[in-house]
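These protein sequence lines are chains A, B, C and D, in that order. Taking this note's numbering, I'd label the letters of the first sequence as residues 125 to 545. Taking this note's numbering, I'd label the letters of the second sequence as residues 181 to 309. Taking this note's numbering, I'd label the letters of the third sequence as residues 36 to 691. Taking this note's numbering, I'd label the letters of the fourth sequence as residues 3 to 284. Right, one structure below, let's go through it.
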Amino acid sequence: MYLKSFSRTLARIGTRALVMASPLLLAGCDLNFWRMDGHQSTIDVAGPVARSQRDLFYITCDVTFVIFIIVASVLAYATFKFRARTEADAHAEPPPQGHGNPLVEIGLIAGSVFALVIIAIPTLKAIWYTYDVPEAEKANAYEVTATASQWWFKFEYPKEQINGVGPLTTGNELVIPAGRPVRIQLRTADVIHSFWVPKLAGKVDMIPNRGNAIWMEADQPGYFWGQCAEYCGDSHAVMRFRVIALNEKDFAAWLSAQKEPARVVAAVAAGSPQAKAQFASYKINEYGFTPKWDPGASVTPLENWQQQQFPNKDENPALIAQGRKLFQEKTCIGCHTVRGHEGVGITGPNLTHVGARTTIAAGLLENTPDQLARWLRHPNQVKPGNKMYNGGYIDPKTGKANFTLTEEDITALVAYLSSLK
Amino acid sequence: MSSSAHASDAGPEHVDNKFEIFVQLAMLLAVITGVEIVMVYLPFMKWLIVGGLVTLSIVKFMFVIFYFMHLRWDKAFCTIMFFIGLVLATGTVWALLQIFSVGDSRPLTAPEPTPPPAAVAPAVAPAAH
Amino acid sequence: MDATVKSHFIGKEEKSAPRPRLLYRPTAKTGLMSWLTTVDHKRIGFLYGIFALFFFLVGGVEALLIRLQLMVPNNTVLTAEQYNMMFTMHGTTMIFLAVMPLSAAFFNYIMPLQIGARDVAFPRLNAFSLWTFVVGAIIINLGWFMKDGPPDAGWTGYSPLTSRLYNPDHSIDMWVMGLQLLGVASIAASLNFIVTIINLRAPGMTMMRLPVFTWMTLVTAFLIVLSFPAITIALVEVMMDRLFGANFFEVSNGGMPILWQHLFWVFGHPEVYILILPAMGIISEILPTFSRKPLYGYPIVVFSGACIGFLGFTVWSHHMFTTGMGTVATAAFSLATMAIAVPTGVKIFNWIGTLWGGHIQMRTPMLFALGFIWMFMIGGFSGVMHSAAPADAQQQDSYFVIAHFHYVLIGGSIFALLAGIQYWFPLMFGRMVSEFWGKLSFWVIFVGFNVTFFPMHFLGLNGMPRRTFTYDSNLGWNTPNFIATIGALILGVGIGIYFGVMIYTYFKGEKVGQDPWDGRTLEWSIHNPPHEYNFKVVPTVHARDAWWYEKHHKEEIAKEAAEHAKAEAAHGGIHMPFASIWPFVTSFGILIGAIGVSVLDHDPRPGFWGTKIAVSLLGGVVMFLGAYLWALEGNEGYHLHLEEEDGHGSAPAAKH
Amino acid sequence: MSSHAGTIDHHHDPSTSTGIPNKKLLMWTFLASDCMFFGALIATHLIYRLHPPPGNPEPKVIFNPGLTSFSTFILLMSSLMMALAVNAIQKGNLKSMRLSLLTTIFFGCIFLGCQVFEFTEFVNEKHMTITNSILGSTFFTLTGTHGTHVAIGVLWLTLMYIRSFKPASATSGSWLGWAFVHLLVFAATVVLSMHVVLDLVFSALSTGFNAGMLGGFIRGNFLPVAGMIIGFGALRWLARSTGPVQFDEHNAVDVESMGLYWHFVDIVWIVIFTAVYLLEYI
Ligand code: HEA
Ligand code: HEA
Ligand code: CUA
Ligand SMILES: [Cu+2]
């Protein structure tokens, strides 16, 4: 009787599951997700630290998988073998009332301990390995300081001092040398954040009043996705960043370019700025974007980044000059630094070379004129609660607007920001 | 039941003695406290004094729980019960102090200089100066 | 041990002398008043259960909203703030308002029956625990109805996100105060359970004869009384910071936010065992019953339970592997965490041993129990993967953790609790859930659960962080998220069926007689639904599976019971505690005070009697009066004489 | 069973499985829990002492060893009195128990008074507050929580003391009313006298103690002082003997459980005294 209802149940569930799954198949979903080869994969790794962590994970997987197979087979066997199959069976005399066997127990405990030892030894090794740059390579390690704020990252290069200004500072895109260990000091300006570039290394938290550090190394030059991994308030989900690893030569070139003050675009042709407000409009509450780099595209993300380093072709100097003026007038300078130009603020990311980044707003938006305009138009919709809105556009105490940007202003500002290569 | 027998032998004599035990114990505790207060000003090695203070406190502690709180006369189970909490609490406090005394836990605001923050710092003994 | 002796410690007989008006003992047996004043452990257990199931549905709806938001990339079902409130409330609700009270419901209802007691040691304290739990739940959820909104700092409430600077509104105050009260309620209830199990066992019920569920109740109660103080202190510190400007977590004055994490997890890890041990206890009751065999290796199962409880206090920092604790601490906590796999494994092995050679009856509770073993094992294995600290650096705060703990929490705790409801339903209400619908609900839940949470392992390893309200479409997370959402809907349907069937059965289900499963422990020896006094005669226990033994030694037991009945009658009959309104009043005072402290604004006007202070004080006074009158009314009871009652008693002679 | 004989075995309760009375077991379990409670608080304090931020006040400069030693001694003596109270009621000696309880309450109040004095001094003269430094936060929270425990203990002792007057023939509601009156008078008297004594100490500290100052003080505080004296008179009257009461050796377990709590508060202070105060002086 149980059997009958049981099989009936199974049949029903089977059909049900099929019905449920069909929209999924129809939607043409990528059913290869189990390959786990996304931009933030912890499996498809690109550096020694992440590799040691993944290999340890594989060991834990193997050991537990073997145990699972054994235990599960015994469990399944017991369940089917000792099932009461008939009504009579179920009401038969109870089986012998045995109470256990100490030898079996001790054997199983010993087995479990043994399995754990197999996991424990590589674990200990990896703990010491991932803790700090290996002694032999210490001298070669490159030092960077990363400071998180709600909801963006500041990167400082203490070795690259700029006269009278302090260390080289960038935001949201960390450029590091490839093939060389990098030691990153992790700091935070407000709450707890966590620094995570899955392909290069597991995360380490950025905790107030605590001097954490992480080390990582990229095997090859590349473009890596990172994300804040500790819940840090409203926009935690969109607190992202990128790491760009360059070979020694490119890295040196990049450093010297970055140390330059902001670019000034000379006015070639005089003429009134042609303001055009023709950017796409966005729905309220529409976060994020769909970038063009999917695996298999013709341009790799790194190539894309490299192209971004060159000045745009059709720059409009008048518009840019107008933008530069607005940058001052609209008090952007209070929060942002554009070294060599007017800004001195440190509340927001350093924008000296913002045009040379591939993303803005902490890895959230692609750095295109469209997206820049969108950011300037609605910083709060793109990134709820961020300080550029609360504090920049509106005064959080009074709730009054500090200033407004017209579409013309935005066009000019976008032109200016895009020119900052 | 065995308890009746137990009751009579643990009964009256003990009860009468307790008054004196309690008074004497209180005197003893007062003296120990006095010794402790004097001890901190003695010019001995730090570890010796800390050790002495901790020992004396434990002695006081034990006297109070076993006499004033009757653990001595009660079923052993009460002692077990209390010690489960006491041991776990002591262990947890100890572990927390250990964790916080390694160099990695040094807060950034701590006064000692050592410029590279996460560098190895000497472990500091709890609350000892 | 002579259980019939009336002790002076219980209180003296009161000649029904006229009492002060305020101290009249409530006598209502039905109606609202009877529920507010009840001290009957079964009614209290029932109320716990109802509240817990209600909050389970609330938490479930929150979960579904979470899943809907994550169904497709860049979705806009919820705003960022709403999403953050949702997962905070989902976690808090499920853990503190669903699983814990549901376990407490079973502790209350089943445990005294299993040890042959007529009630818990402190019946009024028990009522107080219940109402204080309700008050805590109200305070935590109050935010939904206020402009401040519910808390949104995660169920772990990591400082400094909970400070005034980053969360200026009252939502965090409510969270802090609510958790504080839940702590008070849990500790009070657990103290009660500990004393009950240690002291109120029926004659012959030695510790090593306790049913395993009762043992796990005991271990859980110990975990609660020993771990909750840590979070209490942590919450006090947050409260001092928020209300009085103290500096515990204030970085500008040298505070260290990391301290919160330590204190939270000193509580938090034992807490997860608080969630699973009762479940393991339930499983250890169901498997033997439906295998018709005693539990394999009883002493080892008990010992491993205690062992898990103890080890649970030594591993808290495995939630903090990414906080840069240094090598030695990380290694120590990593190894200690792995060690827990051993006692847990022992339990799994012994459960399989119980099945081995049995006559396994595939009834609904058994299905859930077997499902539990499978799912919990998978969850446990991903736990072991976490315990390898460097590997955890990649998994921490990713969906891999979400997968891990939903496997142990749903596949573990919830499966076992659902099994327990099915298992004890006939005892509680005298009706039995239909096999077909019960099994259907199991399979839908089982499938839905796995479809929801298995893909999350892949999501986590593919780098999706938890607590993110949105994600981009180019990271390879779309499909698993979509599948998970479909799974959650299936799960929802399954739970819907389960609840629907339960409600139907409560009103219309098939009636069953006593002991329908051929049970092994004492709760099956009584009439169902149980009488107020549980046992007509306090049973005498001769063996581990006491009821099984009684069923096989009928004459001997019948004789013994008759003697006991006589002795008890000579002592004035069955002693029952009076009902009382004062625990409720005390909790009500706490409610007022808590609202004063956590919800009201500081009164800007000068003077002592700002509304905040006034309301808080008023609450304090009501609470004090409640407690004082509670103390003054005394703990006397009355006596029941069963002659006039119907024939269904507990005496084994009277049954079958 | 012995319970029906003249003497009661106070360490055995035949109605429970272990023989330990329920209340006592409850209290011991609660104290086990409270160990974790104070453990977490003390750990917090010590951790911050381990890592004092710059500009944190130096405890050595702030603490007042004389006062603390005095209040430690007082608390020890209160523990003694508490033990004697339990001893007395176990023998059925109600009068002696009441006296011991009152002395315990008295010592408890002195301890609390010392703490109020200490806190006032730290805040007003040493300028350490809960907000201006981490030491202030941890110190005031830790010792304040302990003080709250003491205050709850005093309240409990008072309630127990009042309950010991419940007439054997409690046939009407009148006793309940009197109990409330008793409690209110007790509370008012305690608060008033602590107020008066502390004021006296403060003014003695500022002007020196002599007869003239005392006269001036009494004149200046006529109402509180008079209230205090009336309060004591009323308490004496409320405590007059009115025949047999419902409180005897059967209640010993109540008193004993309360005693366990009180002693525990004392041993917590033993730990605090060493860990928070004494260790700072080495
Ligand atoms: C019911 C609740 C429950 C249970 C029982 C467990 C059980 C375990 N948990 Fe889990 N855990 C949680 C609930 C639970 N957990 C929650 C809620 C979180 C997240 C909190 C948050 O951040 O919000 C968490 C997070 C969590 C982390 C932190 C992850 C992170 O954030 O980085 C870790 C790390 O070690 C961990 C480990 C373990 C281990 C080792 C066990 C072990 O007890 C498991 C033991 C069981 C087995 C191993 C299976 C059976 C055993 C055998 C068949 C024997 C043979 C096996 C071996 C020898 C391997 N858990
Ligand atoms: C016991 C604890 C418990 C339980 C039972 C659950 C149950 C579920 N949880 Fe759980 N969850 C947690 C504890 C729990 N969770 C915790 C502690 C967190 C971390 C919080 C934090 O980060 O702070 C978390 C976080 C969490 C997340 C991650 C959020 C994030 O980090 O961004 C997700 C995402 O999918 C999720 C999903 C679910 C789902 C789908 C269920 C399902 O099992 C729910 C099933 C129930 C229902 C579906 C509702 C009942 C049915 C009806 C009302 C019938 C009507 C409905 C229909 C017909 C559809 N949970
Ligand atoms: Cu920063 Cu999350
Ligand atoms: Cu844990």
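Every residue gets a Cβ at the ideal spot worked out from N, C-alpha and C, and that includes glycine.
Remark: the C-beta of S17 (chain D) is outside contact range of ligand 1, defined as less than 7 angstroms to any heavy atom. Measuring C-alpha to C-alpha distances from W429 (chain A) to each of A:N491, A:E372, A:H465, A:P385 identifies A:N491 as the nearest. Counting along the chain, P425 (chain A) sits inside the alpha helix (DSSP H) bounded by residues 425-432. DSSP places C352 (chain A) in the strand class (E or B) of the three-state scheme. In this structure N156 (chain A) is exposed. Its beta-carbon is surrounded by fewer than 16 other beta-carbon atoms within 10 angstroms. When secondary structure is reduced to three states using DSSP, D268 (chain D) falls in the helix class. Here G290 (chain A) carries a strand assignment [DSSP, helix/strand/coil].
Using a cutoff of 7 angstroms, the CB of I101 (chain C) counts as near ligand 2, since one of the ligand's heavy atoms is closer than that. Among the CB atoms of chain C, one or more fall inside 8 angstroms of the CB of T272 (chain B). Using a 10 angstroms sphere on the CB of L222 (chain B), the tally of other CB atoms stays under 16, which defines it as exposed. Per DSSP, the beta-bridge partners of D329 (chain A) are A:S318.
With fewer than 16 other Cβ atoms from the protein chains shown falling within 10 Å of its own Cβ, Y541 (chain C) counts as exposed. At a cut-off of 8 angstroms between beta-carbon atoms, Y255 (chain A) makes contact with chain C. Linking Q296 (chain C) to G57 (chain D) through their CA atoms gives a straight-line distance of about 25 angstroms. Shown in chain order are the members of the segment 324-346 of chain A whose Cβ falls below 9 angstroms from a Cβ of chain B: P332, N333, R334, G335, N336, A337. Shown in chain order are the members of the segment 139-168 of chain C whose Cβ falls below 8 angstroms from a Cβ of chain D: A156, F157.
Using a CB distance cut-off of 8 angstroms, I268 (chain C) counts as an interface residue toward chain D. The set of residues with any CB-heavy atom separation to ligand 3 below 6 angstroms comprises, in chain order, A:A272, A:W275, A:H317, A:C352, A:E354, A:Y355, A:C356, A:H360, A:M363.
Counting only runs of 4+ residues, the alpha helix (DSSP H) found wholly inside the segment 399-461 of chain C occupies 399-422, 424-430, 434-441, in chain order. Near chain A, meaning a CB-to-CB distance below 9 angstroms, no residue of the segment 226-248 of chain B qualifies.
With a cutoff of 7 angstroms, V307 (chain C) counts as near ligand 4, since its C-beta is closer than that to a heavy atom of the ligand. Of the candidates C:G527, C:T127, C:N119, the residue whose Cα lies closest to the Cα of F90 (chain C) is C:T127. For M412 (chain C), the distance from the CB to the nearest heavy atom of ligand 1 is below 7 angstroms.
For R307 (chain A), the closest alpha carbon among the candidates A:E341, A:K327, A:G288, A:D314 is that of A:E341.
Setting aside the 5 residues that flank it on each side, D250 (chain D) is surrounded in the same chain by G94, each with a C-beta closer than 6 angstroms to its C-beta; the list follows chain order. Here DSSP, grouped into helix, strand and coil, assigns M196 (chain D) to helix. Taking a 10 Å sphere around the C-beta of F348 (chain A), we find 16 or more other C-beta atoms and assign the residue as buried.
One finds nothing in chain A with a Cβ atom closer than 9 angstroms to the Cβ of P186 (chain C); even the nearest lies about 12 angstroms away. Contact residues of the segment 256-289 of chain B toward chain C are F257, M261, I264, G265, L268, A269, G271, T272, A275, L276, Q278, I279, F280, V282, G283, D284, S285, P287, L288, T289 (C-beta to C-beta distance below 9 angstroms).
Against chain B, the beta carbon of I107 (chain D) has no neighbour under 8 angstroms; the closest one sits roughly 17 angstroms away.
Within chain B, the residues I279, V282 have their CB atoms less than 7 angstroms from the CB of A364 (chain C), given in chain order. Here P305 (chain C) carries a helix assignment [DSSP, helix/strand/coil]. In the structure shown, V306 (chain A) adopts extended strand secondary structure according to DSSP, grouped into three states.
V350 (chain C) has its CB nearer than 7 angstroms to a heavy atom of ligand 4.
Leaving aside the five residues that flank A239 (chain A) on each side, the residues in its chain whose CB is nearer than 7 angstroms to its CB run, in chain order, V187, I191. For the 8 angstroms CB-CB criterion, A85 (chain D) and M99 (chain D) do not form a contact.
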